[in-house]
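Contents: one structure, followed by commentary.
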Amino acid sequence: MSLFWRIFSLNAAVLTVAALVLLFAPVTVSATARLAEALIILAGTAVTLVANAVMLRVGLSPLARLTRVMTTIDLLRPGTRLVARGQGEIAQLITAFNAMLDRLETERASSAGRALSAQEAERHRIAQELHDEIGQTLTAVLLDLKRVAKASPDPVRDQLLQVQESTRNSLDEIRRIARRLRPGVLDELGLASALRALAGEFTTAGLAVRRQVHSDLPVLPKEVELVLYRVAQESLTNAARHSAAQHVDLVLSEQNDGGVRLCVRDDGRGLRGAPEGAGIRGMRERALLIGADLSVESGVTGGTSVQLSVPA
């Protein structure tokens, strides 16, 4: 039973018992109550109960609002706060809840930032090892195969050439994985070139990516460029794997307030009410690190639209 009904039931029981005692107790002030007096007392009791219910409902409504917010709060969508309405302890409780949300969001952003920084450092290390260790080893294997194939008879040479081609394909795949783990073009040539290379990579994989990067973009910090690149990468990956899309529009433009907006829109089957997976939640955590606003929703005519708005 809710707090409202517990208090109301207790008050109703007390008032009802008091009314019955006044009506039927053998001890009265002057005489036994007549029918009209009994009706007046019952009507007064009913009015008192209604007034008590209204007062309790108004007084406890901030608690009901607080309960609704507590059950729907999501730290990946910050900014939800309650106005400290009510009297006494209720207003103090709402104020304390808002302060707790401030601390949780700050700690969440700080811990997510440390985790993502460690993740990027680990990706960089793995990509470096793939490029320096495995890449160089496979390159040496290719040179050895080429040398051995020249000195081999024709039947063996054909087989060695097939092995050489398979090894070359494996080397290209390792380089592609290393680029996705740590896009060197982002550090060397900037965000526009990195998005161009990313769009070309997914286009060669069978997805038609139409890219539009405005030339008058403001200068962005490295961490902002990395978040924009990772959100675009995850959005294109989701479009290629899950949406059955054929065309994707990738647009990076400047906003009126001096910030930038990244929009990735596909023509797939949309979200269809599916819960957010680890990829989308990862994008939300990255957006929190730079104070950006991320929205993921189904388009009006189908497909999925991912928009990341980075303030100036």
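Sequential numbering of the sequence shown, starting at 1, is according to UniProt numbering.
Ideal placement from N, C-alpha and C gives every residue a C-beta, glycine not left out.
Everything numeric in this text was worked out from a predicted model, so none of it was measured.
- Within the region 129-175, the runs of alpha helix (DSSP H) that reach at least 4 residues and sit entirely inside it are, in chain order, 135-150.
- Scanning its chain for C-beta atoms nearer than 6 Å, with the 5 sequence neighbours on each side dropped, one finds around Asn52 the residues Asn11, in chain order.
- In this model, Asp102 and Lys222 are separated by some 27 Å (Cα to Cα).
- Across the set Val264, Ile41, Val54, Ala208, the C-alpha of Val264 shows the shortest separation from the C-alpha of Thr304.
- 8 Å or more divides the Cβ of Leu56 from the Cβ of Ile41.
- Exposed is the label assigned to Gln159, since fewer than 16 other Cβ atoms lie within 10 Å of its Cβ.
- Residues of the same chain with a CB within less than 8 Å of the CB of Thr139, apart from the 5 flanking positions on each side, are Leu171 in chain order.
- In this chain, Leu262 is not harboured by any alpha helix (DSSP H); it is covered by the beta strand (DSSP E) spanning 260-266.
- In the DSSP assignment, Val251 falls within the unbroken beta strand (DSSP E) covering 247-254.
- Taking C-beta separations shorter than 8 Å and ignoring five residues to either side along the sequence, the partners of Val148 in its chain run Leu160, following chain order.
- Leu198 places its beta carbon less than 8 Å from that of Leu236.
- C-alpha of Leu39 to C-alpha of Ala13: approximately 18 Å in a straight line.
- Going by DSSP, Arg284 is part of the alpha helix (DSSP H) stretching over 278-289.
- Sequence-distant Cβ neighbours of Ser152 in its own chain, meaning closer than 7 Å and more than five residues away, are Leu160.
- Counting C-beta pairs closer than 8 Å gives fewer than three between the region 265-277 and the region 223-232, which falls short of the contact rule.
- The three-state secondary structure of Val300, taken from DSSP, is coil.
- In the displayed model, Leu75 falls within coil according to three-state DSSP, outside both helix and strand.
- Using a Cβ distance threshold of 8 Å, Ile290 and Val310 count as a contacting pair.
- For Ala312, no alpha helix (DSSP H) run applies, since DSSP gives it neither H nor E.
- In the same chain as Ser243, and ignoring 5 residues on each side of it, the C-beta atoms closer than 8 Å to its own belong to Asp266, Gly268, Arg269, Gly270, Gly303, Thr304, in chain order.
- Under the three-state reduction of DSSP, Asp102 is assigned to helix.
- Ser305 is bridged by DSSP to Arg265, Glu297.
- Distance from the CA of Leu195 to the CA of Ala232, rounded to the nearest whole angstrom, comes to 8 Å.
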